[in-house]
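Engineer:
Protein chains in written order, with the numbering used here: chain P, -5 to 409; chain B, -5 to 409.
(1) Would you kindly report the start and end of the unbroken beta strand (DSSP E) that includes residue 68 of chain P?
(2) Can you tell me whether residue 272 of chain B is buried or exposed? The criterion is at least 16 other CB atoms within 10 Å of its CB, across all chains shown.
(3) Within 8 angstroms (strictly less), CB to CB, does residue 406 of chain B reach chain P?
(4) Between residue 130 of chain P and residue 152 of chain P, is the Cβ-Cβ spacing less than 8 angstroms?
(5) Just how far apart, CA to CA, sit residue 121 of chain B and residue 160 of chain B?
(6) Return the chain-ordered list of same chain residues with a C-beta closer than 8 angstroms to the C-beta of residue 179 of chain B, the five sequence neighbours on each side being excluded.
(7) Does the segment 62 to 77 of chain P touch the segment 304 to 315 of chain B, meaning 3 or more C-beta pairs lie closer than 8 angstroms?
(8) So, using beta-carbon positions, are residue 254 of chain P and residue 55 of chain P closer together than 8 angstroms?
(9) Give the straight-line distance between the Cα atoms of residue 246 of chain B and residue 226 of chain B, rounded to the nearest whole angstrom.
(10) How would you list, in chain order, the residues of chain P whose beta-carbon sits under 7 angstroms from the beta-carbon of residue 343 of chain B?
(11) Who does residue 168 of chain B pair with in a DSSP beta bridge?
(12) Compare the C-alpha of residue 200 of chain P against each of P:236, P:210, P:171 and name the closest.
(13) Does the beta-carbon distance from residue 301 of chain P to residue 60 of chain P come in below 8 angstroms?
(14) So which of B:115, B:187, B:289 has the shortest CA-CA distance to residue 158 of chain B?
(15) Please work out which residues of its chain come closer than 8 angstroms, Cβ to Cβ, to residue 156 of chain B, disregarding the five sequence neighbours upstream and downstream, and give them in chain order.
(16) In terms of residues, what are the limits of the alpha helix (DSSP H) holding residue 212 of chain P?
(17) Please list, in chain order, all residues of the same chain as residue 373 of chain B whose beta carbon is under 8 angstroms from its beta carbon, the five residues on each side excluded.
(18) Would you please verify whether the beta carbon of residue 270 of chain P is less than 8 angstroms from any beta carbon of chain B?
(19) Compile a chain-ordered list of the residues in the segment 308 to 335 of chain B whose CB is closer than 7 angstroms to at least one CB of chain P.
(20) Scan the segment 258 to 323 of chain P and note each continuous beta strand (DSSP E) run of 3 residues or more that stays entirely inside, going in chain order.
(21) Cβ atoms of residue 380 of chain B and residue 347 of chain B: under 8 angstroms apart, would you say?
(22) With DSSP as the reference, label residue 84 of chain P as helix, strand or coil.
(23) Take every Cβ of the segment 350 to 367 of chain P, pair it with every Cβ of the segment 389 to 404 of chain B, and state whether three or more of those distances are shorter than 8 angstroms.
(24) Can you find at least 3 beta carbon pairs, one from the segment 326 to 335 of chain P and one from the segment 282 to 291 of chain B, that sit closer than 8 angstroms?
(25) Measuring straight from C-alpha to C-alpha, what distance separates residue 410 of chain P and residue 95 of chain P?
(26) Note down, in chain order, each residue of its chain lying with its Cβ closer than 7 angstroms to the Cβ of residue 364 of chain P, except the 5 sequence neighbours on either side.
(27) Beta carbon of residue 396 of chain B, beta carbon of residue 99 of chain B: below 8 angstroms?
(28) Taking the alpha-carbon positions, what's the residue 29 of chain P to residue 3 of chain P distance?
(29) Strictly below 8 angstroms CB to CB, what residues from chain P border residue 362 of chain B?
(30) Going along the chain, which residues of the segment 350 to 383 of chain B sit with their C-beta nearer than 7 angstroms to a C-beta in chain P?
(31) Please confirm whether residue 328 of chain B and residue 50 of chain B have their CB atoms less than 8 angstroms apart.
(32) Which same chain residues end up closer than 7 angstroms to residue 384 of chain B when comparing Cβ atoms and leaving out the 5 residues on each side of it in sequence?
(33) In chain order, what residues of the same chain have a beta carbon less than 6 angstroms from the beta carbon of residue 92 of chain B, not counting five sequence neighbours either side?
(34) In chain order, what residues of the same chain lie with their CB nearer than 7 angstroms to the CB of residue 154 of chain P, ignoring the 5 residues before and after it?
(35) Taking just the CA atoms, how far does residue 224 of chain B sit from residue 252 of chain B?
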């Protein structure tokens, strides 16, 4: 992988040169001459381009791309029990591998270089991530309703042996939810995550039903229940976090957890609306996620930013969640939550970036680039996607694209 | 413009051949041989493509693309009075022409072949529509707060002389709103539209403020007020229609008007949510519109479909507004409302179509094409756009694209 020198590219309101070496932004300056960089450096013309941070998708289930459009427009219970679970039960390891590759292909093409994944057959997703050049936090998923005691032990074994997984991959401990994991296992998950320095990620307070059942069973809301078990701390990332009491919000703030907003999925499944206003007032960090493709039905973080901003405004007023704020959620907050030293185009940060084509009609006129990116753009505006100092997409194409599409079409034909 | 023969393209669940001649779908059959069609027919390979109806954007302000991203994330009043109106006051006819062309470019690239436009300097938008090959209903706009008595008379004069405007263009009478047009002018607009057989289109019940002011002034809701003036009938198309009483809904149903849903704009400006559930129960036809690019901030009807469906579901349950229903709004209902004999791929309909690329990753797996189109796709999935029997986009490009972009960039640089 040769070093990269991007010449004369727009960064915020300036034209700069950017030198990328050994996976990092090594130098950003008004002008960097060819004499300063190694001979094998690839020079990229930044004319009519802008460089911005790419997306960090803070909650998804990658291989569920296989179920895209398989069942829509129905109640959560019917959707899961009659369609999603029966088809998932038939998924082979190979299916998960190709579903993960399809997801990564889709993410790269829409400017996402990192995702946090909660699914089964994690080895297959790890293989896909390594091969395709993106970053990921891969979940070791726990759900007592679906797993034997032996496979739970295998999970912990896997965590102990693979905590330092790969330079672009971290593992995370992912108990599925308060209704699928019991006290004892929750405590053990939390202890393991803390000891190994890993993120703990779960679904929380996604539906009113979940909250009511938790109160009935434990006398506590999901947040208060997890807090009573000692689970919550700054390495915890909670997806959804829709149905919260003011006391819950106080606890989340004190424990310094990060939340993940998944507006498309929450809207499509009619789960409810995250209380952005109260959470922002409390200063609780919020990242952004697409959730899985079967409840979204894509993994397009640009579209997700627009959904987040507009959903906040519809009830909360037009000033709530500005373009800049939601862009921050989708970039800085996502990478920070998962301990990736990225999310900004700055010297010393990992070299992840999007080059935007300023000649795409959606970015014209260019009164405010971030507004255009959040509210007006689409993936056609992306000229190049860079992750870990390597170009993953250019000329609209990604390596081995056709093979991935053909394999997934075969999957669809047999199901 | 030669006839077109599209060979072996997916239509619904069948592979068909489609012959397009003299602006219409002339024949759709399992197989059409080259002997059956004129020698100058252009043959298009439909392999790995699906043909679907394109979009009919039922409410927009095309030239407001010039104001894309100029002001966001603020209250409606501040947005209009401090930003939008002062910049609009500076727009020249030439600006409106290039702004309209940018809008049409953006619409073609995202699969829209028709739009209903309410703006100023209509001659410029008409010129842009004729040159670029799309269809439009062009508004003759009335707003007493902004117009001299002379320009109002000029408007009526223009309507009388140009009622039969162009084979791809119809005029419509467009009084701006109940708060900008008085009784006498409302009655005259309605009489003129009826006599000339034109659509009457207006903004209605967009904000609670509008409704409260109307009640204070007239003792009636906006719907009841317009009904008392005899304005409402089956040739009336009302944009927004958010804040309605049950009595309003009864009246709209009886008068057989069509409504236009603009979910992105309504969310972004925090105007409120259309009551899709009640309106669908009442059987009132609803079309879909993007509104102007300064409150959206794009003209992407695919994205608008997803916003419509997900906004309906978030409060109304996951079954409300299915993918097929929202696709019907964006195609059949939009063309029907504006009296365009299109919106379906059927013999005898005007030849408007999108060819979708079934090898785009967003359309894979193809469990349900309409679901993929509504929830997962983006404009990259579009292979060709056809309007009035002519190909307006292929190989991702539209005629004179670069000139349009350069002209609008110059506009942005001076403002």
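Every residue gets a Cβ at the ideal spot worked out from N, C-alpha and C, and that includes glycine.
Remember, predicted model here, so these are calculated numbers, not experimental data.
Structural biologist: Looking at the atomic coordinates:
(1) No beta strand (DSSP E) holds residue 68 of chain P; DSSP gives it neither H nor E.
(2) exposed
(3) yes
(4) no
(5) 11 angstroms
(6) 136, 138, 146, 169
(7) yes
(8) no
(9) 8 angstroms
(10) Those within 7 angstroms of residue 343 of chain B in chain P number zero; the least Cβ separation is about 26 angstroms.
(11) B:135
(12) P:236
(13) no
(14) B:187
(15) 165
(16) 202 to 212
(17) 103, 104, 105, 294, 296
(18) no
(19) 308, 311, 312, 313, 316, 317
(20) 280 to 282
(21) yes
(22) coil
(23) yes
(24) no
(25) Chain P is shown only over -5 to 409; residue 410 of chain P falls outside these bounds and no answer can be derived.
(26) 317, 318, 321
(27) no
(28) 19 angstroms
(29) 63, 64, 66
(30) 353, 355, 356, 358, 359, 360, 361, 362, 365, 366, 369, 370, 372, 373, 374
(31) yes
(32) -5, 127
(33) 401, 402
(34) none
(35) 16 angstroms
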